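Student: This is the structure, below, for whatever I ask next.
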Amino acid sequence: EDKVVQSPLSLVVHEGDTVTLNCSYEVTNFRSLLWYKQEKKAPTFLFMLTSSGIEKKSGRLSSILDKKELFSILNITATQTGDSAVYLCAVDGDDKIIFGKGTRLHILP
Amino acid sequence: NAGVTQTPKFQVLKTGQSMTLQCAQDMNHEYMSWYRQDPGMGLRLIHYSVGAGITDQGEVPNGYNVSRSTTEDFPLRLLSAAPSQTSVYFCASRHYKGLEQYFGPGTRLTVT
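Just so you know, the protein sequences line up as chains E and D, in that order. Counting along the first sequence from 1, when you hit position 87 you're at 87 in the working numbering, and nothing is skipped either side. Counting along the second sequence from 1, when you hit position 79 you're at 79 in the working numbering, and nothing is skipped either side.
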């Protein structure tokens, strides 16, 4: 059975801290791993990762995939209160996209 | 280009009633999916479709039906609503080659 497991489920840090969010997966016919940010509406796309060891970056956010260990991390450096959200990891395999439960990140000012 | 649209935005049903949540996309995407999201949970896949005339079950299909008679539309039917179906429902679409999945704005459904 396909599954995506995220950890931690929730995290509270102070503004300026660096955080690392984890995602492990088991999926048939892996095609890609995706990260989304969700505030009070539909998820918004952050990254898509298909190859091991290649870091994707967007500003203070970066992500990397390890296809051997079936694992990905999302890093956020110099966090800001606007980074407070639920971060969702999803895996595309066998024509469908399955999501983890998300990590709820709260940044204290 | 409207992207993915969902109607209604909000709905309240009584137990046992039936209804259809509408989803449409104008990007000519082959793949479409329905998810539900409950508090503290990620998105759980209900049903998905890889093209007109083709549908398949996701993680939590019970109590829901779908059809895909056109590329644009992917309605989700609740046959006999139950309080356990109270949730936020998202429709999504994407190109068959993968890349980004686009989400609709969601439908908040309450079953009393």
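Where a beta carbon is used, it is the ideal one built from N, C-alpha and C, also for glycine. None of the values given here were measured: they were computed from a predicted structure.
Which residues in chain D have a C-beta closer than 8 Å to the C-beta of ALA85 (chain E)? List them in chain order.
Tutor: The count along the first sequence starts at 1 and reaches residue 85 (chain E) at position 85. The premise fails here: ALA85 (chain E) is roughly 13 Å from chain D at the closest Cβ pair, so nothing lies under 8 Å.
Student: Identify every residue that forms a DSSP beta bridge with HIS106 (chain E).
Tutor: Here residue 106 (chain E) corresponds to residue number 106 of the first sequence, with the count starting at 1. Note: HIS106 (chain E) sits in a beta bridge opposite E:VAL12.
Student: What in chain D is Cβ-close to GLY102 (chain E), meaning under 7 Å?
Tutor: Counting from 1 along the first sequence, the entry for residue 102 (chain E) is found at position 102. GLY42, listed in chain order.
Student: With a threshold of 8 Å between beta carbons, is PRO39 (chain D) in contact with chain E?
Tutor: In the second sequence, counting from the first residue as 1, residue 39 (chain D) sits at position 39. No - not a single Cβ of chain E is within 8 Å of the one on PRO39 (chain D).
Student: I'd like to know whether the C-beta of PRO8 (chain E) is nearer than 8 Å to at least one C-beta of chain D.
Tutor: Taking the first residue of the first sequence as 1, we reach residue 8 (chain E) at position 8. No - not a single Cβ of chain D is within 8 Å of the one on PRO8 (chain E).
Student: Assuming PRO75 (chain D) contacts THR20 (chain D) under a Cβ cut-off of 8 Å, what Cβ separation, rounded to an integer in Å, is found between them?
Tutor: Against the second sequence, residue 75 (chain D) aligns to sequence position 75. Against the second sequence, residue 20 (chain D) aligns to sequence position 20. Contact flag correct, Cβ pair sits at about 5 Å.
Student: Give the residues of chain D in contact with LEU88 (chain E), contact being defined as C-beta atoms less than 9 Å apart.
Tutor: By 1-based counting over the first sequence, the position of residue 88 (chain E) is 88. Simply GLY42 and LEU43.
Student: Between which two residues does the beta strand (DSSP E) containing LYS37 (chain E) stretch?
Tutor: Against the first sequence, residue 37 (chain E) aligns to sequence position 37. 30–38 is the span of the beta strand (DSSP E), which, as asked, contains LYS37 (chain E).
Student: Using C-beta distances below 7 Å, list every residue in its chain close to PRO8 (chain E), excluding the 5 sequence neighbours before and after it, in chain order.
Tutor: Residue 8 (chain E) sits at position 8 when you count from the first residue of the first sequence. Contacts found: THR103.
Student: Rounded C-beta distance between GLN6 (chain D) and GLY104 (chain D)? I'm assuming under 8 Å.
Tutor: To locate residue 6 (chain D), count along the second sequence from 1; it is residue 6. To locate residue 104 (chain D), count along the second sequence from 1; it is residue 104. The Cβ separation is near 4 Å, so the contact holds.
Student: What are the complete beta strand (DSSP E) segments, minimum 3 residues, inside the region 81–107 of chain D?
Tutor: For the region 81–107 of chain D, whole beta strand (DSSP E) runs of length 3 or above, ordered along the chain, are 87–95 and 98–103.
Student: Residues of the region 24–54 of chain E in Cβ contact with chain D at a cutoff of 9 Å, in chain order, please.
Tutor: Those residues of the region 24–54 of chain E that come within reach of chain D (Cβ to Cβ, closer than 9 Å) are ARG31, SER32, LEU34, TYR36, GLN38, LYS41, ALA42, PRO43, THR44, PHE45, MET48 and THR50.
Student: Could you name the residues of the region 90–107 of chain D whose beta carbon sits closer than 9 Å to any beta carbon of chain E, in the order they occur along the chain?
Tutor: Residues PHE90, ALA92, ARG94, TYR96, GLY98, LEU99, GLU100, GLN101, TYR102, PHE103, GLY104, PRO105 and GLY106.
Student: Would you verify that the beta carbon of SER33 (chain D) is, or is not, closer than 8 Å to some beta carbon of chain E?
Tutor: As a position in the second sequence, residue 33 (chain D) is number 33, starting the count at 1. Output row for SER33 (chain D): interface = yes.
Student: Does the region 77–93 of chain D come close enough to the region 13–31 of chain E that 3 or more CB-CB pairs lie under 8 Å?
Tutor: Not touching, per the Cβ criterion.
Student: Under 8 Å, with one C-beta from each stretch per pair, do the region 7–18 of chain D and the region 91–108 of chain E reach the 3-pair mark?
Tutor: No contact exists between the region 7–18 of chain D and the region 91–108 of chain E.
Student: Can you find a CB in chain D that lies within less than 8 Å of the CB of PHE99 (chain E)?
Tutor: Along the first sequence, one-based indexing puts residue 99 (chain E) at 99. PHE99 (chain E) counts as touching chain D.
Student: Applying a beta-carbon distance threshold of less than 8 Å, which residues of chain D neighbour LYS96 (chain E)?
Tutor: Here residue 96 (chain E) refers to the residue found at position 96 when the first sequence is read from its first residue. Those within 8 Å of LYS96 (chain E) in chain D are SER33, LEU45, TYR48, ASP56 and GLY58.
Student: Does the region 49–58 of chain E come close enough to the region 47–59 of chain D that 3 or more CB-CB pairs lie under 8 Å?
Tutor: In short, these stretches do not touch, since the Cβ pair count stays below three.
Student: For GLY16 (chain E), which residues from the same chain have a beta carbon less than 7 Å from its beta carbon, with the 5 sequence-adjacent residues on both sides left out?
Tutor: Position 16 of the first sequence, counting from 1, holds the residue named residue 16 (chain E). Around GLY16 (chain E): ALA78 and THR79.
Student: Assuming GLN17 (chain D) is part of the beta strand (DSSP E), what are its boundary residues?
Tutor: Numbered from 1 along the second sequence, position 17 holds the residue referred to as residue 17 (chain D). Run containing GLN17 (chain D): none; DSSP gives neither H nor E here.
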